[in-house]
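So the protein lines, in turn, are chains A and B. Just so you know, we're using this note's numbering here: the first sequence kicks off at 1 and counts up by one. Just so you know, we're using this note's numbering here: the second sequence kicks off at 1001 and counts up by one. Beta carbons: idealized from backbone N, C-alpha and C, even for Gly. These notes are about the structure you will find just below.
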Amino acid sequence: MSKTIVPIGPQHPLLKEPVAFQITVEGEQVIDSAMRMGYVHRGIERLCEERTYVQDIHLLERVCGICSHVHATTYCRAVEALIGVEVPLRGVYLRALLCELERIHSHLLWLGVLARNIGFDTIFMYAWRDREIVLDIMEDLSGGRVSHAANVIGGVRVDLTEARREEILGELTFLDGQVARLLNVVEQEQSLRARTRDIGLLTLEQVRQYCVVGPVARASGLDVDFRRDSLQVPYDRLTFEVPVHDAGDVWARTLVRSQETVESLRLCRQILEDLPEGPTSARVPRRVKAGQAIARAEAPRGEVFYYVRSDGSDSPARVKVRTPTLTSLITLPVQLQEITMADVSVVLSGVDLCIACADR
Amino acid sequence: MKTRFYPHTFAYLLPHIWRVLCKGACTVGFPFGEAKLPSGYRGVVKIKPELCRGCGLCVRDCPAFGIELEREGRDKFRLIYYPDRCAYCSQCETSCNFGAIYQVNEFVPATDRPDELRVVLVDRWPEEDSTADEDQTD
């Protein structure tokens, strides 16, 4: 049978962001795949060296349009480690609250995209409707739906009043019910299971070989979560489970992310109930002493890593970002093996690619 | 084809239908309707000119280079804001030690007039001096 190359992207309805795939098919069967990236490379790491530490917060927040807060938080934590400043507890809790809200919003967005790509529009509508509740909470908290600009070096600039805290708790209670309903549909619905089972398989050995992180790794049985493993404040004081499944297919990833959404809601509730009193940020010097520091955090797609080097001036000498999508991207040729052309969309959606993060 | 009735789905949908009916229209009757914005919404940038000391911290920290400071000597300065460059990130408000510059929860209006894209926020430049400067330039 003759081989045909099917191009997908860089602009394609299947993809949220520009990345190009060349899928070689023999009949319906995928036999090879190639990928090309770099369409949204903006040179952010280099630009960081030309701006001050404060300006870089907002620049790095624009690395990703979905997990923007976690990028700014991780960068700020690296700079705070360089300065040697301790963030007040209330600031740490508020940062974690926004991180968890962002995780809920990211996972609901992903569930909608997956459902849309497999033709299950009902879940898509419900997931994106419920995501609006989270976006409204974040907008009210920080002033922006996507770019929160909540971080400053030394803490956060936003704060919560007692009345607003109670309101958010009420909204989270409503969201609890909605997400529980969605999780029930995801777990019970036969058609969703039929489309995602045994598709995009990654074994535990392959996950270890490619250093995969985040929900994709947890769906293959690798029990890794930086929030739990690092024992950092405030996660060492909060109770939560890390969902892990062994199947390694898109179905397992769906379950992991759906259950993580429930856990994140639980975390948000605990953070709001235990929110300590006090200032939200500490005063820090404008000049950063020479040295280097790293910071890590669990973004919605996995562990994000920041390296910052200072030469003693008011601009960083080097900022290096490692995003979780990169490790998932290099596993795609493996995942696309021995599947049919119709399942390519399911595999690409199941990984939850963030090309803006990977390209930077 | 026989239509099946699902009582559980119907029971789930009822409160949602009721909520949507009570809520009314989601869209705002722009431009005459009332736009409800959250209290912390980062909208229009405003200034209390009497509090500004022209220290330039907002200029230095602005990530979008949306504020410029023209200065001559200690007391003679002009703070200029470019709304088209602004990222509405509130960094100027955070950086200002005197509470002079701030954002309010109002929508940023669109404009097609170039002169509205250069706003002099603080003008501590005496009138005769600025005229003299312009004459020299000409």
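Cα-Cα separation, residue i to residue j
| i | j | result |
| --- | --- | --- |
| Ser-2 of chain A | Thr-340 of chain A | 16 Å |
| Gln-1136 of chain B | Gly-1054 of chain B | Low confidence applies to Gln-1136 of chain B: its pLDDT is 46, below 50, so where it sits in the model is not reliable enough to give any reading. |
| Tyr-9 of chain A | Ala-78 of chain A | Inspection of the sequence shows that residue 9 of chain A is occupied by Gly rather than by Tyr. C-alpha separation (whole angstroms): 36 Å. |
| Leu-89 of chain A | Thr-280 of chain A | 7 Å |
| His-91 of chain A | Arg-1078 of chain B | The question names His, yet the displayed sequence has Gly at residue 91 of chain A. Their backbone Cα atoms lie some 35 Å apart in a straight line. |
| Val-152 of chain A | Tyr-1012 of chain B | 43 Å |
| Arg-1074 of chain B | Leu-1057 of chain B | 15 Å |
| Val-19 of chain A | Ala-1087 of chain B | 27 Å |
| Glu-1070 of chain B | Tyr-39 of chain A | 39 Å |
| Gly-155 of chain A | Leu-275 of chain A | 14 Å |
| Pro-1049 of chain B | Lys-289 of chain A | 35 Å |
| His-69 of chain A | Gln-337 of chain A | 35 Å |
| Ser-33 of chain A | Ile-23 of chain A | 4 Å |
| Val-1108 of chain B | Phe-1098 of chain B | 24 Å |
| Asp-1138 of chain B | Leu-14 of chain A | Low confidence applies here, because Asp-1138 of chain B scores a pLDDT of 41, under 50, leaving its location unreliable and the question unanswered by this model. |
| Leu-183 of chain A | Ser-106 of chain A | 15 Å |
| Lys-1076 of chain B | Phe-21 of chain A | 59 Å |
| Leu-192 of chain A | His-1016 of chain B | 24 Å |
| Pro-316 of chain A | Thr-4 of chain A | 48 Å |
| Pro-1083 of chain B | Asp-1123 of chain B | 17 Å |
| Glu-189 of chain A | Leu-175 of chain A | 21 Å |
| Asp-314 of chain A | Gln-29 of chain A | 55 Å |
| Gly-200 of chain A | Val-85 of chain A | 44 Å |
| Tyr-307 of chain A | Glu-1034 of chain B | 46 Å |
| Glu-273 of chain A | Lys-1023 of chain B | 30 Å |
| Glu-1134 of chain B | Trp-1125 of chain B | Unreliable placement is indicated for Glu-1134 of chain B, whose pLDDT of 49 sits below 50; no coordinate value is reported for it. |
| Arg-322 of chain A | Leu-1014 of chain B | 47 Å |
Expected contact under 8 Å - CB spacing of residue i and residue j to nearest Å
| i | j | result |
| --- | --- | --- |
| Ile-123 of chain A | Glu-171 of chain A | About 21 Å separates the two Cβ atoms, so there is no contact after all. |
| Trp-128 of chain A | Thr-196 of chain A | Between Thr-196 of chain A and Trp-128 of chain A the Cβ distance is about 19 Å, and since that is not below 8 Å, they are no contact. |
| Val-296 of chain A | Thr-74 of chain A | At residue 296 of chain A the sequence reads Arg, which differs from the Val that was named. Right, the Cβ-Cβ distance comes to about 7 Å (below 8 Å), so this counts as a contact. |
| Cys-268 of chain A | Ile-66 of chain A | The Cβ separation is near 17 Å, so there is no contact. |
| Glu-303 of chain A | Phe-226 of chain A | 5 Å |
| Ser-258 of chain A | Asn-117 of chain A | Actually they are not in contact, since the Cβ atoms of Ser-258 of chain A and Asn-117 of chain A sit about 16 Å apart, beyond 8 Å. |
| Ile-1067 of chain B | Cys-1089 of chain B | Wrong, their Cβ atoms sit about 12 Å apart, outside the cutoff. |
| Glu-102 of chain A | Pro-300 of chain A | 7 Å |
| Leu-98 of chain A | Ala-149 of chain A | 11 Å between Cβ atoms; not a contact. |
Simplified DSSP assignment, three categories, for residue i
| i | result |
| --- | --- |
| Glu-1070 of chain B | strand |
| Gly-151 of chain A | Checking the sequence shown, residue 151 of chain A turns out to be Asn, not Gly. Strand. |
| Val-304 of chain A | strand |
| Gln-292 of chain A | strand |
| Met-37 of chain A | coil |
| Ala-78 of chain A | helix |
| Glu-26 of chain A | strand |
| Ala-297 of chain A | strand |
| Ala-115 of chain A | helix |
| Ser-315 of chain A | coil |
| Ala-342 of chain A | helix |
| Ser-281 of chain A | strand |
| Arg-103 of chain A | helix |
| Arg-322 of chain A | strand |
| Phe-1010 of chain B | helix |
| Leu-348 of chain A | helix |
| Ile-8 of chain A | strand |
| His-72 of chain A | Note on residue identity: the sequence assigns Ala, not His, to residue 72 of chain A. DSSP places Ala-72 of chain A in helix when its eight states are reduced to three. |
| Phe-21 of chain A | strand |
| Thr-174 of chain A | Residue 174 of chain A is actually Phe in this sequence, not Thr. Three-state result, Phe-174 of chain A: helix. |
| Phe-1098 of chain B | coil |
| Ile-66 of chain A | coil |
| Asp-1123 of chain B | strand |
| Asp-223 of chain A | coil |
Cβ-heavy atom distance, residue i to the ligand ADP, below 6 Å
| i | result |
| --- | --- |
| Gly-65 of chain A | You won't find the ligand ADP in this model; it holds no ligand whatsoever. |
With a cut-off of 8 Å, do at least 3 Cβ pairs link the region 48 to 63 of chain A to the region 1055 to 1071 of chain B?
Counting C-beta pairs with one atom in each stretch, the region 48 to 63 of chain A and the region 1055 to 1071 of chain B have three or more that are closer than 8 Å, which means they touch.
So does the region 1087 to 1107 of chain B actually touch the region 1030 to 1045 of chain B, counting three or more Cβ pairs closer than 8 Å?
Verdict: yes, contact present.
Touching by the beta-carbon criterion (3+ pairs, under 8 Å), the region 327 to 334 of chain A and the region 205 to 214 of chain A:
Below 8 Å, enough C-beta pairs join the region 327 to 334 of chain A and the region 205 to 214 of chain A to call them touching: three or more.
Using Cβ-Cβ distances below 8 Å, what residues of the region 1032 to 1053 of chain B are close to chain A?
Going along the region 1032 to 1053 of chain B in chain order, one finds Pro-1038, Ser-1039, Gly-1040, Tyr-1041, Arg-1042 with a Cβ nearer than 8 Å to chain A.
Going along the chain, which residues of the region 1084 to 1101 of chain B sit with their C-beta nearer than 9 Å to a C-beta in chain A?
Listed by position, the residues of the region 1084 to 1101 of chain B near chain A (Cβ gap below 9 Å) are Ala-1087, Tyr-1088, Cys-1089, Ser-1090, Gln-1091, Glu-1093, Thr-1094, Ser-1095.
Can you give me, in chain order, the residues of the region 1101 to 1124 of chain B that have a beta carbon less than 7 Å from any beta carbon in chain A?
Residues of the region 1101 to 1124 of chain B that bring their beta carbon within less than 7 Å of a beta carbon in chain A are absent altogether.
When you check each C-beta in the region 69 to 82 of chain A against every C-beta of chain B, which residues fall closer than 8 Å?
Of all residues in the region 69 to 82 of chain A, none comes within less than 8 Å of chain B when Cβ atoms are compared.
Residues, ordered as in the chain, of the region 29 to 56 of chain A that lie near chain B by beta-carbon distance below 9 Å:
Cβ contacts with chain B come from Arg-51, Thr-52, Val-54, Gln-55, Asp-56.
Taking a cut of 7 Å between CB atoms, which residues from the region 1061 to 1078 of chain B lie near chain A?
Listed by position along the chain: Asp-1061, Pro-1063.
Which of the residues in the region 127 to 145 of chain A, read from start to end, lie with their CB under 9 Å from any CB of chain B?
For the region 127 to 145 of chain A, which is checked against every Cβ of chain B, the residues closer than 9 Å are Asp-136, Glu-139, Asp-140, Leu-141, Ser-142, Gly-143, Gly-144.
Would you say the region 238 to 249 of chain A touches the region 207 to 221 of chain A, given that touching needs at least three Cβ pairs under 8 Å?
Between the region 238 to 249 of chain A and the region 207 to 221 of chain A there are three or more inter-stretch CB-CB distances shorter than 8 Å, so the stretches are counted as touching.
Beta carbons nearer than 8 Å to chain B: which residues of the region 144 to 163 of chain A have them?
Residues of the region 144 to 163 of chain A with a C-beta less than 8 Å from any C-beta of chain B: Gly-144, Ser-147, Ala-149, Val-152, Arg-157, Val-158, listed in chain order.
Chain-ordered residues of the region 92 to 120 of chain A with a beta carbon less than 9 Å from chain B:
Residues passing the 9 Å Cβ filter: none.
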